[in-house]
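Comments concern the structure below.
There are 2 protein chains.
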Amino acid sequence: MATRNTGVRTTLDSHRLPIPVPIDEYECCPVTDVLRRVSDKWTLLLITLLGRQPYRFNELHRAVEGISQRMLTRTLRVLESDGLVEREVFPTSPPSVEYRLTPLGASLLEPLSALASWAVDHHAEIAASRTGTGCPGPAGRSPAGFPPSPLDRPGRGSFERRTDEPSN
Amino acid sequence: MATRNTGVRTTLDSHRLPIPVPIDEYECCPVTDVLRRVSDKWTLLLITLLGRQPYRFNELHRAVEGISQRMLTRTLRVLESDGLVEREVFPTSPPSVEYRLTPLGASLLEPLSALASWAVDHHAEIAASRTGTGCPGPAGRSPAGFPPSPLDRPGRGSFERRTDEPSN
DNA sequence: CAGAATCCGCGTGGATACTG
DNA sequence: CAGTATCCACGCGGATTCTG
Numbered sequence: 024m025a026t027r028n029t030g031v032r033t034t035l036d037s038h039r040l041p042i043p044v045p046i047d048e049y050e051c052c053p054v055t056d057v058l059r060r061v062s063d064k065w066t067l068l069l070i071t072l073l074g075r076q077p078y079r080f081n082e083l084h085r086a087v088e089g090i091s092q093r094m095l096t097r098t099l100r101v102l103e104s105d106g107l108v109e110r111e112v113f114p115t116s117p118p119s120v121e122y123r124l125t126p127l128g129a130s131l132l133e134p135l136s137a138l139a140s141w142a143v144d145h146h147a148e149i150a151a152s153r154t155g156t157g158c159p160g161p162a163g164r165s166p167a168g169f170p171p172s173p174l175d176r177p178g179r180g181s182f183e184r185r186t187d188e189p190s191n
Numbered sequence: 024m025a026t027r028n029t030g031v032r033t034t035l036d037s038h039r040l041p042i043p044v045p046i047d048e049y050e051c052c053p054v055t056d057v058l059r060r061v062s063d064k065w066t067l068l069l070i071t072l073l074g075r076q077p078y079r080f081n082e083l084h085r086a087v088e089g090i091s092q093r094m095l096t097r098t099l100r101v102l103e104s105d106g107l108v109e110r111e112v113f114p115t116s117p118p119s120v121e122y123r124l125t126p127l128g129a130s131l132l133e134p135l136s137a138l139a140s141w142a143v144d145h146h147a148e149i150a151a152s153r154t155g156t157g158c159p160g161p162a163g164r165s166p167a168g169f170p171p172s173p174l175d176r177p178g179r180g181s182f183e184r185r186t187d188e189p190s191n
C-alpha cells in the first residue's frame, strides 16, 4: 500500500519543508486548520450524518445521543460559518430549521473517508501496540473484539477486511 | 485523485448508521480515535517531518520552533505507544535517541495527504465563507492570499491548482 | 421547536526548573 | 543530549436554566 503512492506522497512527503518550520505558518496551515476544525468532538459525526440526509435541529439532537444543545448549536454554527453546512429556516410555528451539507462540505467526505478507511484497517494494530489503553467501556470490554465504528460499519462487503476478528 | 472514489464513499456515506448513534460506540470509534490523536497540536507536523527522515530529539526540537520539550516528549511518546513512531536509543555519551516512522506510521501519510490536498484545494472557500476569522497574521494579511501551508507547499507542479490566487 | 446565556470541570499545552 | 517534574492559563465541552 505504501508503494503505489504515485501522486500522494507529493503532499506530505516529497516536498521540501522549510526547516525550522515557522510556527506562524504552521498555525495558519490550512491542513492544520482543517484538521482541528474537523476533529473536535462532534464535527465528524455531524458531517457524517448530514452527508446522508438533511436534518432538523432536534432531529440531530435525538440522532446523536450525548450531545448537548449548546454543543450542537455551536458545532453547527462553526460548520455553517465555514461554508460546510447550510442552514435553512422555515418560518413556521413552531419554527423549523433544516441543516444540510453544502457541496463544499460534501466534498470533505471523501478525504475523510480515506482517513476512516485507514482507521478501520489499522486500529487493530494501534490497539495492539497501545497496551491497556484502548476503549474498555464502562462494563467490560467486548470479548470478541471492539465494537465496530458507528462511522464505518462494514457489513455490506464493500472494502472490509479485518486482520483480527476471529470469525466468531 | 478525488475521482477514483470507487470504494471510498462506502465509508462515511453510503453505509447505514444506527440512529441514534450510541455515544459509547462513538467514543470508541476508531475514526474518531485516530482523528483526535492526529489532530493535537504537534502530531501532524511531527509525523510529516518523520515521514521525510529520521530525527534525533533535539533535531526535532530545533526543526519545529515553538514546541516545548514537554510537548515534544509527550507527543513522541504517544506516537510511539501507538506504534506509529519508533524510538531507538544509542547508548553513547551524551546519549542520542533517534525517532523514525514505523511502516504503520508511514502508511498514515497517505490518508493524511488526501485530507491535506482537500485543505489546500478548499481553504480559500472556507476562508471566504468565514468572514474575518481566517488567519490574519501578526502584521496584516497577505494581499495576494494566505501564506502557503508548511505542510503542503506546492510549487513543483505536482497537483496544485489554485482556484483563486489571481496570478499576481 | 430551536436556540441563547451562564456556570464550571477538565484536559491540552505552555513556561520554567532540574537531572542522568 | 534527552529528557522529567511542577505549576498554571486557556479553551473545549457538559449541565442547567430561560426564551421567542
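Note that the protein sequences, when read in sequence, are chains E and W.
Residue numbers for the first sequence follow the working numbering, so the first one is 24 and each next one is one higher.
Residue numbers for the second sequence follow the working numbering, so the first one is 24 and each next one is one higher.
The beta-carbon is built from N, C-alpha and C at its ideal position, and this holds for glycine as well.
These figures come from a predicted structure and were not determined experimentally.
Using a Cβ-Cβ distance under 9 Å, would residue i count as near chain W?
i, result
"Glu133 (chain E)", "yes"
"Val112 (chain E)", "no"
"Arg184 (chain E)", "Below a pLDDT of 50, predicted positions are generally treated as unreliable, and Arg184 (chain E), at 35, falls in that range; no measurement from the model is reported."
"Ala25 (chain E)", "The predicted model places Ala25 (chain E) with a pLDDT of 39, which falls under 50 and marks its position as unreliable; any figure quoted below should be read in that light. Yes, Ala25 (chain E) lies at the interface with chain W (some Cβ there is under 9 Å from its Cβ)."
"Arg75 (chain E)", "yes"
"Gly160 (chain E)", "Caution is warranted here: a pLDDT of 41 is assigned to Gly160 (chain E), below 50, making its placement in the model unreliable, and the coordinate value is therefore given only provisionally. True, the Cβ-Cβ gap to chain W drops below 9 Å."
"Gly163 (chain E)", "Residue confidence is low: Gly163 (chain E) scores 35 on pLDDT, short of 50, so the model does not pin down where it sits. Its coordinate-derived value is still stated next. It does not; no Cβ of chain W falls within 9 Å."
Which residues does DSSP list as the beta-bridge partners of residue i?
i, result
"Ser119 (chain W)", "W:Phe113"
"Arg79 (chain W)", "W:Glu121"
"Val108 (chain E)", "E:Leu124"
When the cut-off is 9 Å and only beta carbons count, does residue i lie next to chain E?
i, result
"Thr96 (chain W)", "no"
"Leu99 (chain W)", "no"
"Tyr49 (chain W)", "yes"
"Pro43 (chain W)", "yes"
"Thr115 (chain W)", "no"
"Ser119 (chain W)", "no"
Using the beta-carbon of each residue, which ones in chain E are nearer than 7 Å to residue i?
i, result
"Arg85 (chain W)", "Pro43"
"Glu88 (chain W)", "Pro43, Val44, Pro45, Ile46"
Residues of chain W with CB under 9 Å from residue i, in chain order?
i, result
"Arg123 (chain E)", "Here the premise fails: no neighbours, minimum Cβ distance about 14 Å."
"Ser91 (chain E)", "None at all; the shortest Cβ gap to chain W is about 12 Å."
Strictly below 7 Å CB to CB, what residues from chain W border residue i?
i, result
"Ser104 (chain E)", "Ser152, Arg153"
"Arg59 (chain E)", "Ser62"
"Pro53 (chain E)", "Ala142, Val143, His146, Ser172"
Just to make sure I have the definition right: I need the residues of chain E whose C-beta is within less than 9 Å of the C-beta of residue i. Which are they?
i, result
"Leu72 (chain W)", "Leu40, Ile42, Val44"
Starting from residue i, find everything on chain E with Cβ-Cβ shorter than 8 Å and list it in chain order.
i, result
"Leu68 (chain W)", "Val44, Tyr49, Thr55"
Kindly examine the ligand FAD and report whether one of its heavy atoms sits closer than 8 Å to the Cβ of residue i.
i, result
"Tyr49 (chain E)", "Among the ligands in the structure shown, none appear at all, so the ligand FAD cannot be discussed."
- prompt: Would you say the segment 99-106 of chain W touches the segment 121-128 of chain W, given that touching needs at least three Cβ pairs under 8 Å?
  reply: yes
message: Is it the case that the segment 65-80 of chain W contacts the segment 111-121 of chain W, given that we only count it when at least three CB pairs across the two stretches are under 8 Å?
response: yes
- request: Examine the Cβ distances between the segment 87-100 of chain W and the segment 82-96 of chain E and report whether three or more of them are shorter than 8 Å.
  value: no
task: Indicate whether the contact test is met: 3 or more Cβ pairs, each with one atom in the segment 37-57 of chain E and one in the segment 65-72 of chain E, closer than 8 Å.
output: no
task: May I ask you to verify whether the segment 135-154 of chain E touches the segment 132-146 of chain W, counting CB pairs closer than 8 Å and requiring at least 3?
output: The segment 135-154 of chain E is in contact with the segment 132-146 of chain W.
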